[in-house]
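Residue numbers (this note's numbering): 157 to 459.
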């Protein structure tokens with residue numbers, strides 16, 4: 157078999173990315189997204205878009221995504237290869253100098269459709285062969301005004317908190333006992349709990365939405381119950397963060413925070429609100445369902 161040529165694209169030959177047709181079953185293409193470089197009005201940089209060629213034919217491709225001001229990729233969220241070219245896909249990931257978490261975007265209940273399941277499992281296997289490993293499966297939600305606004309429970313009061321040190325302290329408390337796989341991975345690393353809290357704060361600051369939107373929640377006796385962060389990421393309005401401190405758990409306050417976050421963004425004119433949670437975070441998934449946020453996708457994150 158002819159040797160592979162693996163390289164990054166340039167702006168002049170970025171059209172090669174689309175010369176390999178996506179199967180349309182999983183990934184961004186399955187949800188109507190198209191590949192386009194920043195220069196062409198899209199989200200991708202040609203130098204962060206890599207292809208594997210065999211006999212001048214593209215047999216595998218991968219595109220790493222970032223925000224407009226990032227100097228390194230944030231996610232690998234476009235990865236595909238031709239039928240029978242699983243190893244070429246794995247080799248592309250091995251030989252690319254780019255490293256970021258792989259987020260595989262899937263339809264809801266993807267395991268129930270054999271063709272979709274096979275396409276997903278092929279990509280997971282290729283990424284695993286390249287040295288990655290699954291971290292977590294997540295639900296992705298999309299609220300629209302047609303879903304209706306859930307009634308506020310009225311049990312908590314909400315106030316902006318301008319002091320980052322106070323925000324960090326609350327984040328430490330939230331993550332001291334957490335079901336979130338990304339936070340647990342950060343805690344297991346060299347930076348421990350401090351790194352997990354700082355990662356959340358860095359994400360809040362990365363979002364282009366106003367700092368003044370971050371709010372702490374208080375119980376009637378004035379104790380901090382948690383934090384909610386309405387946000388806008390580069391794709392639009394989103395539930396940036398919901399967290400309840402350990403001593404306030406057991407009262408369903410995650411629902412109250414999510415409802416307030418939804419109302420806040422709706423009042424800001426959001427025509428949709430994206431959200432996500434780990435599938436293993438059963439209380440938060442239940443809060444999303446109760447608040448009328450439908451599951452529109454599932455996602456698998458590999459690191």
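The beta carbon of each residue, even a glycine, is placed where N, CA and C say it ideally should be. Computed from a predicted structure; not experimentally measured.
| query | Using the C-alpha atoms, what's the distance from residue 338 back to residue 329? | reply | For the purposes of this step, residue 329 is taken as residue 173 along the chain shown, with counting starting at 1. For the purposes of this step, residue 338 is taken as residue 182 along the chain shown, with counting starting at 1. Roughly 16 Å between the two C-alpha positions.
| query | CB-CB under 6 Å to residue 250, same chain, minus the five flanking residues each way: which ones, in chain order? | reply | Locating residue 250 in the chain shown gives position 94, where the first residue counts as 1. Cβ neighbours of residue 250 beyond the five flanking positions: 286.
| task | Go to residue 270, then tell me how far its beta strand (DSSP E) extends in each direction, as first and last residue. | result | Working through the chain shown from its first residue, we reach residue 270 at position 114. Careful: residue 270 lies outside any beta strand (DSSP E), inside the alpha helix (DSSP H) at 270 to 285.
| Rounded C-alpha distance that separates residue 303 from residue 408 | Here the question's residue 303 lines up with position 147 in the chain shown. Here the question's residue 408 lines up with position 252 in the chain shown. In a straight line, the C-alpha of residue 303 is about 21 Å away from that of residue 408.
| task | Report the partner residues of residue 449 according to the DSSP bridge assignment. | result | By 1-based counting over the chain shown, the position of residue 449 is 293. Beta-bridge partners assigned by DSSP to residue 449: none are found.
| Rounded separation between residue 220 and residue 390 - CA only | The residue you call residue 220 lines up with position 64 of the chain shown. The residue you call residue 390 lines up with position 234 of the chain shown. Between the C-alpha atoms of residue 220 and residue 390 there is a straight-line separation of about 15 Å.
| query | Nearest-angstrom Cα distance between residue 190 and residue 439? | reply | As a position in the chain shown, residue 190 is number 34, starting the count at 1. As a position in the chain shown, residue 439 is number 283, starting the count at 1. Looking at the two C-alpha atoms, the distance is approximately 35 Å.
| field | Cα-Cα separation, residue 324 to residue 246 | value | Reading the chain shown from its first residue, position 168 is the one you call residue 324. Reading the chain shown from its first residue, position 90 is the one you call residue 246. C-alpha separation (whole angstroms): 39 Å.
| query | Start and end of the beta strand (DSSP E) containing residue 387? | reply | Here residue 387 corresponds to residue number 231 of the chain shown, with the count starting at 1. Where residue 387 is concerned, the enclosing beta strand (DSSP E) starts and stops at 380 to 389.
| Roughly how many whole angstroms lie between the Cα atoms of residue 388 and residue 434? | Start at 1 with the first residue of the chain shown, and residue 388 comes out as number 232. Start at 1 with the first residue of the chain shown, and residue 434 comes out as number 278. Looking at the backbone, the Cα of residue 388 and that of residue 434 are separated by about 20 Å.
| query | Taking just the CA atoms, how far does residue 447 sit from residue 147? | reply | Only positions 157 to 459 of the chain appear in the structure, and residue 147 is not among them; the question remains open.
| said: Do residue 234 and residue 184 have their beta-carbon atoms positioned less than 7 Å apart in this structure? | reply: Start at 1 with the first residue of the chain shown, and residue 184 comes out as number 28. Start at 1 with the first residue of the chain shown, and residue 234 comes out as number 78. Yes, these two residues count as a Cβ contact at 7 Å.
| Cα-Cα separation between residue 384 and residue 299, rounded to whole angstroms | As a working mapping, residue 384 is identified with position 228 in the chain shown. As a working mapping, residue 299 is identified with position 143 in the chain shown. Cα to Cα, the separation comes out at about 17 Å.
| message | According to DSSP, residue 200 sits in a beta bridge with which residue or residues? | response | The residue labelled residue 200 in the question sits at position 44 within the chain shown. Answer is 193, 221.
| Nearest to residue 436 by CA position, among 231, 315, 415, 335, is which residue? | Residue mapping note: residue 436 aligns to position 280 of the chain shown, counting from 1. The shortest C-alpha separation from residue 436 is found at 335.
| query | From residue 260 to residue 456, what distance separates their C-alpha atoms? | reply | In the chain shown, counting from the first residue as 1, residue 260 sits at position 104. In the chain shown, counting from the first residue as 1, residue 456 sits at position 300. Distance between the alpha carbons of residue 260 and residue 456 is about 5 Å.
| field | Length of the line joining the Cα atoms of residue 243 and residue 356 | value | Taking the first residue of the chain shown as 1, we reach residue 243 at position 87. Taking the first residue of the chain shown as 1, we reach residue 356 at position 200. Approximately 36 Å, taken between the alpha carbons.
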